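Asker:
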Amino acid sequence: MEIYKKGNRLKIHRSAIVHPDAVLSKEVEIGPYSIIGKDVTLGEGTVIRNNVTVAGITVIGKNNIVHPNAILGAEPQDLKYRGERTSLIMGDNNVVREGVTINKGTAGGGEKTVIGNNNFFMAYSHIAHDCIIEDNVLLANGVLLGGHVAVERCAKLMGLVGIQPFVTIGRYAYVGGHTRIVQDVPPYMIIEGHPAKIRQVNVIGLEREGFSKGQINEIKKAFRKIFRSGKLNRRNILEALEDNKDVSPEVMYLVTFLKNIDKGKFGRYREAFRYPAAMAT
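If you count by numbering that gives the first Met the number 0, then the sequence shown holds residues 0 to 280, one letter each, in order.
1. For the beta strand (DSSP E) containing Met251, name the first residue and the last one.
2. Does DSSP put Phe120 in a helix, in a strand, or in coil?
3. Can you say whether Glu208 is buried or exposed, counting buried as having 16 or more other CB atoms within 10 angstroms of its CB?
4. Does the structure place the region 148 to 155 close enough to the region 165 to 175 that three or more beta carbon pairs sit under 8 Å?
5. Using the C-alpha atoms, what's the distance from Asp91 back to Val39?
6. For the pair the region 73 to 82 and the region 94 to 107, tell me if three or more CB-CB distances fall below 8 Å.
7. Would you kindly report the start and end of the unbroken beta strand (DSSP E) that includes Asn102?
8. Tell me where the alpha helix (DSSP H) around Phe221 begins and ends.
9. Going along the chain, which unbroken runs of the alpha helix (DSSP H) with 4 or more residues stay wholly within the region 10 to 60?
10. Please report the distance separating the alpha-carbon of Arg267 from that of Arg48.
11. Tyr80 by DSSP, collapsed to three states: which one?
12. Under 6 Å Cβ to Cβ from Gly44, same chain only, skipping five residues before and after it: list those, please.
13. Count the other C-beta atoms from every protein chain shown that fall within 10 angstroms of the C-beta of Glu238, then say buried if there are 16 or more, exposed otherwise.
14. In terms of alpha-carbon separation, which member of Asn118, Asn68, Asp183, Tyr123 lies closest to Val148?
15. Shortest alpha-carbon distance to Glu133 belongs to which of Ala122, Gly30, Val150, Val142?
16. I want to see whether chain D comes within less than 8 Å of Val136, judged by CB atoms only; does it?
17. With DSSP collapsed to three states, give me the class of Leu156.
18. Three-state secondary structure (DSSP) at Arg267?
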């Protein structure tokens, strides 16, 4: 069934329930038995397949594909939530597979959950309230993100990974399947196991993302100094790298990330936001 609204050609199945106040851009498609709430905005070319629920104050950008039984913008699973008007913001070109759940934010966590562009969320992964997902992130089947988690660009989390609240996953990191993460994961690294351990530099992932051999070698050198030197005082190693004027931008980002970890509770940088005094030290 096709309908027209405000001059935009839309394809909305007759069984779908779309609130009249929802904002639908042109070329939006909504499949059978899907529900689109009052405060929802769908960007141009976004496709909502069958049996999808999009609720709350949810803004979805262009050319996203949402597969059956996904639920976007539902109330956060947080005992402190009291019905505040919080939101879910999603960018462009994301793929949300079957059964994925993404909750909106909370008043205590910035009031919004934010999803970037070109992400791929596989079946039954969960993104909790106040998470920030950057661009080109992959969550494999059954990945579970607790509240306030940040996943930086191009990180890949394999099947059934569980992330504790307030953890940050660094850019281009690779988290092996079935791994439980309770502390921040440094960028460019592979981490896996029980307990989780940093194994090596994510060389294959970096090569696929277009890093040069020279860039990768610089990261590998820094990895050996920081994680394999046997020295107990890591802060001295980080400060020495930071003072090196010839250090690469990638290594400098790694150093900055690791220094920030020390500001967090139990190695979780974002948890420091609970304690403003800790950020000033």
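We put the beta carbon where it would ideally sit given N, CA and C, even for glycine.
All of these numbers come straight from a predicted model, not from anything done at the bench.
Answerer: According to the structure data:
1. From DSSP, Met251 is part of no beta strand (DSSP E) but of the alpha helix (DSSP H) over 248 to 260.
2. Under the three-state reduction of DSSP output, Phe120 falls in the strand class.
3. That one is exposed.
4. A contact is defined here as three or more CB-CB pairs under 8 Å, and the region 165 to 175 meets this definition with respect to the region 148 to 155.
5. Distance from the CA atom of Val39 to the CA atom of Asp91, rounded to whole angstroms, is 15 Å.
6. Touching, yes.
7. Asn102 -> beta strand (DSSP E) spans 100 to 102.
8. According to the sequence as given, residue 221 is Ala; it is not Phe. Per DSSP, Ala221 belongs to the alpha helix (DSSP H) from 212 to 226.
9. Listed in chain order, nothing qualifies, since the region 10 to 60 has no complete alpha helix (DSSP H) run of 4 or more residues.
10. Here the C-alpha atom of Arg267 lies approximately 37 Å from the C-alpha atom of Arg48.
11. Looking at Tyr80 - three-state DSSP - the assignment turns out to be coil, as it is neither helix nor strand.
12. Same-chain partners within the cutoff: Glu26, Lys61, Asn62.
13. When all chains shown are included, Glu238 counts as exposed.
14. Of Asn118, Asn68, Asp183, Tyr123, the smallest CA-CA separation from Val148 is found for Asp183.
15. It is Val150 whose Cα lies nearest to the Cα of Glu133.
16. No chain D appears in this structure, which consists of one protein chain only.
17. Of the three classes helix, strand and coil, the one that applies to Leu156 here is strand, per DSSP.
18. Three-state DSSP puts Arg267 in a strand.
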